[in-house]
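In mature numbering (1 follows the signal peptide of the UniProt record, and there is no 0), the protein residues as written are -29 to -1, 1 to 1236.
Think of the CB as a built atom: it goes at the ideal place given N, C-alpha and C, for glycine as much as any other residue.
Quick notes on the structure that follows.
See below:
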């Protein structure tokens, strides 16, 4: 305020409304709509009529209209009369809403906040107009809210009629209007800011940096400029205003405007430029939010193979990619996948509208300047076609942007359905409610086959739509592509809108930092901000995720780029970054806890781990654990007094003693420790310290002082023995000590005296228990017996050089006379000794073998002796091979002629005799392995063998082989079950190979079933993917077959010769251009916006002309005294006809050899493209000067590029003598098609192969110059 005008200095505005003017005026709206009600009604009527006539076929998109549509199940509503059918239920809902609105009618006329950034201690002034002059309001309270959520109620300091002045000194902070409370005699109603459509913020001692900055600030609405308000607002709307200034004495004076009145009483007056200029001149980036309409949960229209929700995502992605090449713009997308960004809106009533509201609300959080929703149209009539853009009718900014975007779409050839102001759509209304214009772009009709075919049925076509949208946005906001410059010391700078950038900058989707302290030089390496440390790579772009820097690992947040410190969870491991951000290894003490990180990977160790001097345990959180720990159902102990070292051996707790094994696990049950046996409780592991007997399974043990007894032990007056070799098990039965043999009874006690054991009588010393061992003969009645070691002998016994037999069936009584064993008959004399040789028994002579004592008999045929089989012939035993009854046998001379079974090796062959001794033939399974023996000789086969149904391979040992085998330096494969040799393809875990008809693994190129494959020259693995051969590069598909024609590989398009499979490089295939790397590039349109400048054209000429000089002598006469003038003529003539100058310039360089001519055409003809110089030798056309020659060339190019061009539509009078000869027009709209051999229709400018490709390469170089 000015001096002496304080305390009650007030600004009051009294608006006098004509009866014809609408009362619903928000003076502080972002755009002051100066149209009268009549004008608005007339325009709305026109729009409805136009749309009814032109758009009766427009799709009813449920994602657009907020409350005026009905879904019939597939989100399509019949709209033949452009009227939406509403269900009875919705009519009731609408009626209810109207009634509620009447109860709580918004009567705010305007709200004005004087200062967007108020000084601390200064008084803020707020002016509010509510309702009409005779409004029955007892009190109006203005509610504010600060950053902490605290509400501040402000009461008016003065009031005139329906205008209220509020004055308050606010504490430091950020404030926004929360609502207005209106109190009258019969009501007390609070209106929220959202209900009032008010979004007002201001700061005290701080600058509000959010994107929600109010439009209700600093006279914006009354200063469109002020002159405009005077002429538009007051004149056209018949609105007159009296601005009254009350001084502290109550005296009033009139002022011309609110701003003047405020200044009169000391409030500083401010002005602001119009919104379009503000947008262009802003210092911060323009924020554009792109909304790919619909999603998988709210599907859109479909037709002619096109789905709206799929296509809109691709268009938006292309638009974003294009926009990010410009400086001064930040781009966001409401969704980047097919999924709905707000899944909670799927499948619920009016979920599509709720989804849109959430998207626009999200855009508000990003500080959106504009919200652009991408859609495709549909109609019941297949005749509807073309593009249209909807914008908020009250927004001049939205209208201008809509027109710029539509113009770019029309340039693609789309039919003009015009821009249309309409605020009934949810996208438009929700965007405006959030403080920014919302546009709906209907690119084309999916229901129209021509639209679908020309603009929608390929990614390339959808990309063109997105690029066109971006071009419109760029034109509206006046964006320009930034550019880099390099300083004399190699430092890099970036310029945007002609100004050097400082601070953080997002360029093509990446963040950079340009140091203000170093004149804006691009930063590389680490940089520390106030709230984070980041890292910029050698290219200057901010790095994210894991980064290896100077041999050390760091991690930078994937969203903010902030350097991570502390424990951090990566995808496959947990690591620790020190305070300097470097990954740490080995033992680390963190917050007084020990951790360990792998010395190679840095991964946090959990579980038991062996350090250099101890074994420790790290818990699941990585911290070292102490005390008792249960790990994998086993107990361990980690000694706190020994820095967590794992305990092994005995350990005494307060209540028990336990034992931990060498692996650290607590032991249970019986344990042998240092040769002693202990027993530990099977549940608690406690050492059992009770003496006495213990039975474990079938064994009995005795414990003393907790230790298992070993050896002899005197217990309760008896001797026992606990066998050390059986872990101390109690012995029963005979036991032989070094000095005696004793016998322990079934109770384990030592026995004494005479004992009958298993029917035999033994005698044991009554003191020592030793067995009495009297050996020798004993006669008992008529029988004779023999004892050894105190035991009666049974069976054969060799005594004093003679054999005797003590019959088991006669309790060991000595045998005399004949006795037959299973393998022989012998004779024992009257003394019991076996007899040999000639014996006369009972008057008969017998012969007994002099060695075995066996009775000699004359044998013939087969005999089994001691489990061996023999064959006798004429009383003689057969040895060697013998053919018996049609079968071959072998009787081994080295084994007394015993019949051989199994494999036997002769000097010339190896054979196999079966269990019956007969030689075997053919396939034989022996010990689970297959062999093959010759069907005639029986010889074992080795190597390859051909059966009727398979080929197999037997190793040098005769065994059938399986799997991979290397034979004579070549690889084969034999079936893992049948052993059959594999031919053809074979898939291993790590590769697929191919075995030829001979079974050998194949390498290199192979033609199989008419298809080409390639197998690695070393491993034989089938190649997939790209492969560079000696004369070409080819591509093998996932099945290994060579691919032909157009192929999409890893998201990129390639083409391969349909005969040779060779990748097309720098060539045309099916009308498409494939560059030096083989990737398909967009063909270069001859018509359209130029990508070059005169300076670039000149730079290209000077760079590549070599020793050639500009032909000044001739071209000066034609009006081009230097190369700059010459290039400028080309540029001007090309631009005039919408032909790209770089195309004309490149063609001239080829046709004239950098202006040296030398062919049929002479320089004096000023014919720079060989017009009329045919292959037949004609010299070609001649022109009066340089400009005419260039004009003719441009016109001729236009004839090839534009299908609709006529003599009448040329911008200049036709000087091309061959213009009419180009037929049809537009037959080569791309540069690459100017060569007839590459043109899909065989048309074109030149017959030489690769003509257009050479032009394209030169154009690329021009654009790089």
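Residue i, buried or exposed, once every other Cβ within 10 Å from all chains shown has been counted against 16
i, result
"residue 611", "exposed"
"residue 891", "buried"
"residue 13", "The predicted model places residue 13 with a pLDDT of 39, which falls under 50 and marks its position as unreliable, so this point remains unresolved."
"residue 1005", "buried"
"residue 1248", "The chain is shown only over -29 to 1236; residue 1248 falls outside these bounds and no answer can be derived."
"residue 1233", "buried"
"residue 1126", "buried"
"residue 729", "exposed"
"residue 748", "exposed"
"residue 440", "buried"
"residue 149", "buried"
"residue 96", "buried"
"residue 101", "buried"
"residue 422", "buried"
"residue 941", "exposed"
Sheet register partners of residue i (DSSP bridge)
i, result
"residue 851", "862"
"residue 482", "477"
"residue 1233", "For residue 1233, which the question treats as bridged, DSSP gives no partner whatsoever."
"residue 337", "Note: residue 337 sits in no beta bridge, so no partner."
"residue 620", "631"
"residue 263", "345"
"residue 895", "902"
"residue 700", "694"
"residue 158", "155"
"residue 298", "451"
"residue 1039", "1044"
"residue 1065", "DSSP output for residue 1065 lists no bridge partner at all."
"residue 873", "884"
"residue 100", "81 and 134"
Proximity of residue i and residue j at Cβ, strictly below 7 Å
i, j, result
"residue 140", "residue 88", "no"
"residue 279", "residue 272", "yes"
"residue 975", "residue 954", "no"
"residue 1164", "residue 1128", "no"
"residue 503", "residue 533", "yes"
Cβ-based neighbour list, residue i, same chain, cut-off 6 Å, excluding 5 preceding and 5 following
i, result
"residue 716", "722"
"residue 99", "82 and 135"
"residue 637", "606, 629, 631 and 656"
"residue 910", "880"
Own chain residues within Cβ distance below 7 Å of residue i, not counting five before or after
i, result
"residue 1236", "1067, 1070, 1071 and 1074"
Residues near residue i by beta carbon distance below 8 Å, same chain, minus five either side
i, result
"residue 973", "964, 965, 966, 967, 986 and 991"
"residue 947", "933 and 934"
"residue 588", "578, 579, 580, 595, 596, 600, 602, 607, 609, 615 and 617"
"residue 798", "788, 789, 790, 805, 806, 810, 812, 817, 819, 824 and 826"
Original post:
Does the pairing of the region 378 to 397 with the region 349 to 367 give three or more beta-carbon distances under 8 Å?
Top reply: The region 378 to 397 and the region 349 to 367 touch, with no fewer than 3 CB-CB distances between them shorter than 8 Å.
Original post:
Are the region 1224 to 1233 and the region 1108 to 1120 in contact at 8 Å, needing three or more beta carbon pairs?
Top reply: The way I'd put it, the region 1224 to 1233 does touch the region 1108 to 1120; three or more beta-carbon pairs between them come closer than 8 Å.
Original post:
Should the region 148 to 156 be called in touch with the region 109 to 116, which here means at least 3 C-beta pairs below 8 Å?
Top reply: The region 148 to 156 vs the region 109 to 116: in contact.
**OP:** Report yes or no: do the region 399 to 409 and the region 335 to 352 share at least 3 C-beta pairs separated by less than 8 Å?
**Re:** Between the region 399 to 409 and the region 335 to 352 there are three or more inter-stretch CB-CB distances shorter than 8 Å, so the stretches are counted as touching.
Subject >> the region 1133 to 1141 in contact with the region 1016 to 1027 per 3-pair CB rule at 8 Å >> reply: These segments do not touch.
Original post:
Counting Cβ pairs, one atom from each stretch, are 3 or more of them under 8 Å apart for the region 160 to 170 and the region 122 to 136?
Top reply: Contact fails: fewer than three Cβ-Cβ distances are below 8 Å.
Original post:
Between the region 566 to 574 and the region 544 to 554, do at least 3 Cβ pairs fall closer than 8 Å?
Top reply: Pairwise C-beta distances place the region 566 to 574 in contact with the region 544 to 554, as three or more of them are shorter than 8 Å.
Original post:
When the Cβ atoms of the region 367 to 381 are set against those of the region 300 to 315, are three or more pairs found closer than 8 Å?
Top reply: Contact fails: fewer than three Cβ-Cβ distances are below 8 Å.
Original post:
Between the region 436 to 446 and the region 294 to 303, do at least 3 Cβ pairs fall closer than 8 Å?
Top reply: Flag = yes, the region 436 to 446 and the region 294 to 303 touch.
**OP:** Count the C-beta pairs between the region 1188 to 1201 and the region 1050 to 1064 that are closer than 8 Å, then say yes if the count reaches three, no if not.
**Re:** Verdict: yes, contact present.
Original post:
Any contact of the region 924 to 931 with the region 893 to 902, i.e. 3+ C-beta pairs under 8 Å?
Top reply: Flag = yes, the region 924 to 931 and the region 893 to 902 touch.
Original post:
Would you call the region 420 to 439 and the region 315 to 325 touching, i.e. three or more CB-CB distances under 8 Å?
Top reply: Taking a cut-off of 8 Å for Cβ pairs, the region 420 to 439 and the region 315 to 325 do not touch, as fewer than three such pairs fall below it.
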